[in-house]
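Each remark here refers to the structure printed beneath this line.
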Amino acid sequence: MTAAVHPDRNFKYWLVAPAIFLLLLIGLFPLIYSLVVSFMRIDMMDTDTSFAGLYNYANLFKDARLWWSLAHTLLITAIALPIELILGLAMAYLFLERMPGRQLFVALLVLPTIISPIVAGATWRLLFDNRYGPINQIVSFFAGERMDLLWTINPNLVYPAIIFCEIWQWTPFMFLILLAALSNVDKSQLEAAEIDGARFWRSFRYIVVPAIWPVMAIAILIRGLDLFRIFDIIWALTQGGPGTKTETISIYAYVQGFKQFETSYTAAIAFLVIAILTVVCTWAIRRMGLAK
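Numbered continuously in the working numbering, the sequence shown closes out at residue 1001.
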């Protein structure tokens, strides 16, 4: 009778133990194995394997191409993320009030987000085609003359093209999250501020932003991490070209691992990325006040 009334307190842990074990097996084992590989010298064209110590990590600091790829990644992130945030917030404000056809418009706006990035990149590559793409035709119409702009080849145009595609696809993600956050802002505080004569920007700064900041900070963090590992859409558009002009750190790791067959060096690159993201995430979480 006592056992029925007071069941084993550890029973709930036994219930979730298999799932936790499976997650650790799937996630932790590949991570540990990759760490071991990063300290080895593995030649995919030969069966010879030897311990290399810190050789691969030492090469990271000598590899100028690696650091340029990191700079390209940071450049795209630094430009695309603020624009996505501002546009997403503006769109959320626009659709905050009830209006005819609101649900239909919201559904249409989020369509780009559900498209695979590789498909989106391939589609935009066709749209940016210098001879048959409609983008050049639109530019030519407004310019009053034929414009054969090489969006995916010209070094001066390729970054605007990539960033535009990123903004087009992922601004709806920010829009949805911020729309949900704005919908939960206490309307009575805004009405009281309006009665007291507070203008829009003052109400936005002191009422709206503090109310939606936790959600906004998480959205910024998620998109920042996602942009840091950007691969698909650039690979479909330019494959890192022209030359290595748009080669991000994910593309560089892919080239080293699957084209140069530098397995150990690729593992070292992966752990460099993990280290960078861990430091950045820890700093961002503390800075944004998400650790409270």
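Each residue gets a CB set at the ideal place from its N, CA and C atoms; glycine is no exception.
Since this is a predicted model, take the numbers as computed values, not measurements.
| message | Nearest by alpha-carbon distance to L946: which of V828, P923, S959, E903 is it? | response | V828
| query | For L779, which of P864, F937, F850 has the nearest alpha-carbon? | reply | Answer by Cα proximity: F937.
| Taking the Cβ atom as the reference point for each residue, do V918 and I886 lie within a distance shorter than 9 angstroms? | Going by C-beta atoms, V918 is not nearer than 9 angstroms to I886.
| request: Specify the secondary structure class of R675 as computed by DSSP and reduced to three states. | output: It is not possible to answer for residue 675, since the shown part of the chain is limited to 710 through 1001.
| Residue burial classification, M710 (beta-carbon count within 10 angstroms, cutoff 16) | Bear in mind that the predicted position of M710 carries a pLDDT of just 46, short of 50, making it too unreliable to give a figure here.
| field | Reference Y802; option with closest CA among A767, M883, G998, L836 | value | M883
| query | Which residue comes first and which comes last in the alpha helix (DSSP H) that contains R932? | reply | 918 to 937
| task | With distances taken Cα to Cα, identify the nearest neighbour of I1002 among I958, T975, P951, D941. | result | This structure cannot speak to residue 1002, because the chain is shown only from 710 to 1001.
| Can we say the region 838 to 846 touches the region 855 to 867, given the rule of at least three CB pairs closer than 8 angstroms? | yes
| query | In the region 721 to 780, which residue ranges form an unbroken alpha helix (DSSP H) of at least 4 residues, counting only runs that do not cross its ends? | reply | 764 to 771
| task | Would you mind sorting E900 into buried or exposed? The rule is 16 or more other CB atoms within 10 Å of its CB. | result | exposed
| said: Going by C-alpha to C-alpha distance, which of W776, V746, D772 sits closest to G762? | reply: If you compare the alpha carbons of W776, V746, D772 with that of G762, the shortest gap goes to V746.
| query | Taking buried to mean at least 16 other C-beta atoms within 10 Å of its own C-beta, is M808 buried or exposed? | reply | exposed
| request: Evaluate P727 with the Cβ neighbour count: other Cβ atoms within 10 Å of its Cβ, from every protein chain shown; 16 or more gives buried, anything less gives exposed. | output: exposed
| task | Tell me whether M883 sits in a helix, a strand or coil according to DSSP, three-state version. | result | helix
| request: Using the Cα positions of E806 and F873, report the straight-line distance between them to the nearest angstrom. | output: 28 angstroms
| Same chain, Cβ closer than 7 angstroms to F837, neighbours up to 5 away in sequence not counted | I844, W860, T861, A870
| said: Three or more C-beta pairs under 8 angstroms: does that hold for the region 959 to 979 against the region 769 to 783? | reply: Yes, they touch.
| field | Contact set for T880: own chain, Cβ-Cβ below 6 angstroms, skip 5 residues either direction | value | E793, L796, G797
| task | Report the three-state DSSP secondary structure of Y841 (helix, strand or coil). | result | The answer is coil: DSSP assigns Y841 none of H, G, I, E or B.
| Should M997 and L930 be called a contact, given that it needs their Cβ atoms to be closer than 9 angstroms? | yes
| field | Close Cβ partners of G949 (< 6 angstroms) along its chain, the five nearest in sequence each way excluded | value | T955, E956, I960
| said: Given this structure, state the Cα-to-Cα distance separating V988 from F814, to the nearest angstrom. | reply: 39 angstroms
| request: Please report how far the alpha carbon of E971 lies from the alpha carbon of Q965, in whole angstroms. | output: 5 angstroms
| Status (buried if at least 16 other CB within 10 Å, exposed otherwise) for W992 | Exposed.
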